[in-house]
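Chains as they are written, first to last, in the numbering used here: chain F, 118 to 531; chain Z, 118 to 531.
By construction, the Cβ of each residue, glycine as well, lies at the ideal position given by its N, Cα and C atoms.
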């Protein structure tokens, strides 16, 4: 008998049939004796319909009013899901973000949750109600409606779970969990039963678009166990949780990759303080996001500087860099927009040596040239030519035996 | 430089073009130096769309959740209208019923307004904002969303005007005012410049469906001058206000009629206490609304009892009455569902004799037999055969010279 906060996304509540299906699923949990808060998104398509209305009035609506408009999307879903639950005989009650006092800052369209007053929800749970809450929305201290930005319903669910000390926050979505890598690339990619918050953050930011990074950060910060599970299939999904002592830990949990990278290198710039800022300053001002940054030690008084950007920003970054190169008296600029990034992620890296060399040996064995290397505590990323993406991911997946469950891997390795 | 509360109904904001048109209209008032609160309904069709969604889940949704659902309709309009005003360079801000603290009782789907805390709206007005408020909705003391029932946006506007002491509450609609009678029946029916609250109540309840009765009652109770004016044409509309001493007053302001009446008579019932209740009790319990009730003094120890109902309820009322007749030992039951009610309405009646005889003489002159008569302080209603409706209304319109303005009438009569 546990207390779960469940979140159902836009696709899961995308039609009246699906809302009825969610109601059935929720009621089964309730009948098993669990307490439930259910967070829902707008029905898929509804948010775009509302944005279309706004754009029909003005291409540049004020963020305050856009939030007033968009927050109706989830309000419709909470009412419909609650009706569906009541039709099945359940006690249920809906709440908007304002009604359940999801207090946020005043940053319309990207507000951050500051506090939740869960008293009313707690009373309802004690009285046997299923509590249905609108995701994605809150209210600032002046009572203005705010939204958390797209995907913010995940954050709402995690915040409610943290505030009300739920046993687990369950994110129901159209995938059945987090995989060792993209199953479209590696056919025997395996669903992970468990992954740490840190690993999930590295996986998410590297392109495994399962959960909002903010929601994972939030869950990690408040130690809310987070489970990704399918709305449509029966499966345990993947539990994202903190690292436990004695927990059987795979060396590598997964392989992430990012197809849309481009790299730029400026050669022979003066090796002196402030150079990195002079190179990247104009890039940042142009709102271009920089991913990897590598500065090589130069042989003379100059150095070479390389960074990667999204492929869409490549031309813009290149022309900015050409001006900078002139100012700095750099020798040459090199660029390549046919590259990809492949990363292995795993907290096991911390306690096991030789992971990097296994990775490099594997890639070398397939004749794949590594263009850049970057490492963090639990991640090693390499940049390779675009054409090697699938080959690299498959080779690494096999080398680290990710198709086997972690217990088997442990047995094999030791 | 006045302070107006303006209300635009669903047709007036029925499309993005119309919302832009309303924004222009509102801005013109603002530019003339007026302070403005604008109350809006859901875009026409939206409420039905939402009800359709609810009915797709269950034919019998809970009223609490239906209110959560339906209140999104006006919330969408306030956001869009505010965006349209901002696009035109105006300072504007939207509020839901909850945000502007329209406190109601907890009677979902037909809540009554108890109180309004207008402080925030007042501050906004002082700061030069146009305040846009969602009609039709409020919040009970527990924070649950309530709705006032269909047409409740008129009531919202009047309540705001009363709470904030507006100079006038202006209801923009698809008619340009209140007419002496239905222009489809009498081609020279004339728009009234002014009418009293009492007259308007008698006109409205008798079938001139211009304004919600509740809104007129509310306006009368709090002495809020109420103006009905066209959203689409330039016109002064009709001002509904209290009766002023020395105000030039027409004898009769208008002629109302109701096509869908049916009458039932029970003859020879014992003339003793409790009979009316025994006759009408079962009718009321069957949710049949009774309009006129007439009891004639009988010659012996029995009496005759007649009442009218909506034509749709005629058969049901008749069969109920047959059981009652048996119990009471009544002599006979008569019924007629081919009748209509025609009423003349005017506060002038109070101070002028002979109005009734003019009415009866006029009808007699046309050979129209009067079946029933009922009178109030400012109204005389007669029931006549259905086929005489148009003839009766036209004859009375001419007899009371309603095609002329009130000043001319006064001159003619005295």
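Residue 181(Z) CB to nearest chain F CB: under 9 angstroms? Locating residue 181(Z) in the second chain gives position 64, counting from the first residue. Taking Cβ atoms only, chain F reaches closer than 9 angstroms to residue 181(Z), which makes this a yes.
Report the option in 176(Z), 481(Z), 201(Z) whose CA atom is closest to the CA atom of residue 186(F). Taking the first chain and counting its residues from 1, one reaches residue 186(F) at position 69. Minimum Cα distance to residue 186(F) is reached at 201(Z).
With three or more C-beta pairs closer than 8 angstroms as the rule, is the stretch 275–291 of chain F touching the stretch 191–201 of chain F? no
Quick check on residue 176(F): buried or exposed, where buried means 16 or more other Cβ atoms within 10 Å of its Cβ? For the purposes of this step, residue 176(F) is taken as the residue at position 59 of the first chain. Result: exposed.
List, in chain order, every chain Z residue whose beta-carbon is nearer than 8 angstroms to that of residue 137(F). Taking the first residue of the first chain as 1, we reach residue 137(F) at position 20. Going along chain Z in sequence order, the residues near residue 137(F) (Cβ under 8 angstroms) are 174.
Candidates 302(F), 280(F), 369(F): closest to residue 338(F) by CA position: Numbered from its first residue, the first chain carries residue 338(F) at position 221. Distances from the CA of residue 338(F) to each of 302(F), 280(F), 369(F) were compared; the closest alpha carbon is that of 280(F).
Indicate whether at least one CB of chain F lies closer than 9 angstroms to the CB of residue 186(Z). Locating residue 186(Z) in the second chain gives position 69, where the first residue counts as 1. Output row for residue 186(Z): interface = yes.
How about residue 196(Z): is its C-beta nearer than 9 angstroms to some C-beta of chain F? Working through the second chain from its first residue, we reach residue 196(Z) at position 79. For residue 196(Z), the answer is yes, since a Cβ of chain F falls inside 9 angstroms of its Cβ.
Check the Cβ-Cβ distances between residue 154(F) and every residue of chain Z, and say whether any is below 9 angstroms. Counting from 1 along the first chain, the entry for residue 154(F) is found at position 37. Cβ-Cβ to chain Z under 9 angstroms: no for residue 154(F).
Assign residue 469(Z) to buried or exposed, taking buried as 16 or more other Cβ atoms, counted over all protein chains shown, within 10 Å of its Cβ. Here residue 469(Z) refers to the residue found at position 352 of the second chain. Exposed: under 16 other Cβ atoms inside 10 Å.
Relative to chain Z, which residues along the stretch 259–276 of chain F have a C-beta separation below 7 angstroms, given in chain order? 260
Roughly how far, in whole angstroms, is the beta-carbon of residue 456(F) from the beta-carbon of residue 378(F), given that I think they are within contact range, below 8 angstroms? By 1-based counting over the first chain, the position of residue 456(F) is 339. By 1-based counting over the first chain, the position of residue 378(F) is 261. At roughly 5 angstroms, the Cβ-Cβ gap stays under 8 angstroms, so residue 456(F) and residue 378(F) are in contact.
Could you please give me the residues that DSSP links to residue 225(F) through a beta bridge? By 1-based counting over the first chain, the position of residue 225(F) is 108. None; residue 225(F) has no bridge partner.
Return helix, strand or coil for residue 378(F), following the three-state DSSP convention. Within the first chain, numbered from 1, the residue matching residue 378(F) stands at position 261. Strand.
From 173(F), 164(F), 203(F), residue whose alpha carbon lies closest to that of residue 184(F): Walking along the first chain from the start, residue 184(F) turns up at place 67. When each option's Cα is compared against that of residue 184(F), the closest is 164(F).
Which residue marks the beginning of the beta strand (DSSP E) containing residue 213(F), and which one marks its end? Taking the first chain and counting its residues from 1, one reaches residue 213(F) at position 96. Going by DSSP, residue 213(F) is part of no beta strand (DSSP E) at all; its letter is neither H nor E.
Of all the beta strand (DSSP E) runs that stay within the bounds of the stretch 305–355 of chain Z, which reach a length of 3 or more residues? 311–313, 343–347
By how many angstroms is the C-alpha of residue 447(F) removed from the C-alpha of residue 541(F)? Residue 541(F) is absent from the model: chain F starts at 118 and stops at 531.
In chain order, what residues of the stretch 464–476 of chain Z put their CB closer than 8 angstroms to some CB of chain F? none
Quick check: the Cα distance between residue 250(Z) and residue 220(Z), rounded to an integer number of angstroms? Taking the first residue of the second chain as 1, we reach residue 250(Z) at position 133. Taking the first residue of the second chain as 1, we reach residue 220(Z) at position 103. Cα to Cα, residue 250(Z) sits roughly 14 angstroms from residue 220(Z).
Does DSSP put residue 409(F) in a helix, in a strand, or in coil? Walking along the first chain from the start, residue 409(F) turns up at place 292. Strand.
I want to verify the contact list: residues of chain F whose CB lies under 7 angstroms from the CB of residue 192(Z), in sequence order. Within the second chain, residue 192(Z) is the residue found at index 75, counting from 1. 185, 189, listed in chain order.
Skipping 5 residues on each side, what residues in its chain have a beta carbon closer than 6 angstroms to that of residue 225(F)? Your numbering for residue 225(F) matches position 108 in the first chain. Within the same chain, residue 225(F) has close Cβ partners 180, 181, 184, 263.
Just to confirm, are residue 464(Z) and residue 501(Z) a CB contact at a threshold of 9 angstroms? Here residue 464(Z) refers to the residue found at position 347 of the second chain. Here residue 501(Z) refers to the residue found at position 384 of the second chain. Contact flag unset, no.
Cβ shell of residue 505(F) (< 7 angstroms), same chain only, five flanking positions each side left out: Indexing the first chain from 1 puts residue 505(F) at position 388. Contacts found: 485.
I want to verify the contact list: residues of chain F whose CB lies under 8 angstroms from the CB of residue 242(Z), in sequence order. Within the second chain, numbered from 1, the residue matching residue 242(Z) stands at position 125. Per Cβ cutoff of 8 angstroms: no residues; residue 242(Z) is ~17 angstroms from chain F at best.
Is the Cβ of residue 529(Z) closer than 9 angstroms to any Cβ of chain F? One-based indexing of the second chain puts residue 529(Z) at position 412. Because residue 529(Z) sits at a pLDDT of 39, beneath the cut-off of 50, its placement in the model cannot be relied upon, and the following sentence gives the value as read from the coordinates. Chain F contact via Cβ: absent.
Please state whether the Cβ-Cβ distance between residue 419(F) and residue 387(F) is less than 9 angstroms. Reading the first chain from its first residue, position 302 is the one you call residue 419(F). Reading the first chain from its first residue, position 270 is the one you call residue 387(F). It is a contact, given that the beta carbons lie within the stated cut-off.
Starting from residue 489(F) and walking both ways along the beta strand (DSSP E), at which residues does that stretch end? The sequence position of residue 489(F) within the first chain is 372, counting from 1. According to the DSSP assignment, residue 489(F) belongs to the beta strand (DSSP E) that extends over 487–493.
Using DSSP bridges, identify the partner residues of residue 425(Z). Working through the second chain from its first residue, we reach residue 425(Z) at position 308. In DSSP, residue 425(Z) forms a bridge with 380(Z).
Looking at C-alpha atoms only, which residue of 425(F), 393(F), 394(F), 417(F) is the closest neighbour of residue 406(F)? The residue you call residue 406(F) lines up with position 289 of the first chain. Nearest C-alpha to residue 406(F): 425(F).
Leaving out five residues on either side along the sequence, give the residues of the same chain with a beta carbon under 7 angstroms from the beta carbon of residue 275(F). Working through the first chain from its first residue, we reach residue 275(F) at position 158. These residues qualify, in order along the chain: 286, 332, 335, 336, 341, 343.
Here's the rule I'm using: 16 or more other beta-carbon atoms within 10 Å means buried, otherwise exposed. How should residue 525(F) be labelled? As a first step, residue 525(F) must be located in the first chain, where it is residue number 408. At residue 525(F), the pLDDT of 45 sits below 50, so the modelled position is not reliable and the matter cannot be decided from this model.
Identify the contact partners of residue 254(F) in chain Z, using a Cβ-Cβ distance below 9 angstroms as the criterion. Position 137 of the first chain holds residue 254(F). Neighbours of residue 254(F) on chain Z: none; closest Cβ ~12 angstroms, over 9 angstroms.
Using a Cβ-Cβ cutoff of less than 6 angstroms, which residues in the same chain neighbour residue 531(F) once the five nearest sequence positions on both sides are dropped? As a first step, residue 531(F) is located in the first chain; it is residue number 414 there, counting from the start. Because residue 531(F) sits at a pLDDT of 37, beneath the cut-off of 50, its placement in the model cannot be relied upon, and the following sentence gives the value as read from the coordinates. Nothing meets the Cβ criterion.
How about residue 254(Z) and residue 237(Z): do their beta carbons lie closer than 9 angstroms? In the second chain, residue 254(Z) corresponds to position 137, counting from 1. In the second chain, residue 237(Z) corresponds to position 120, counting from 1. Cβ atoms of residue 254(Z) and residue 237(Z): not closer than 9 angstroms.
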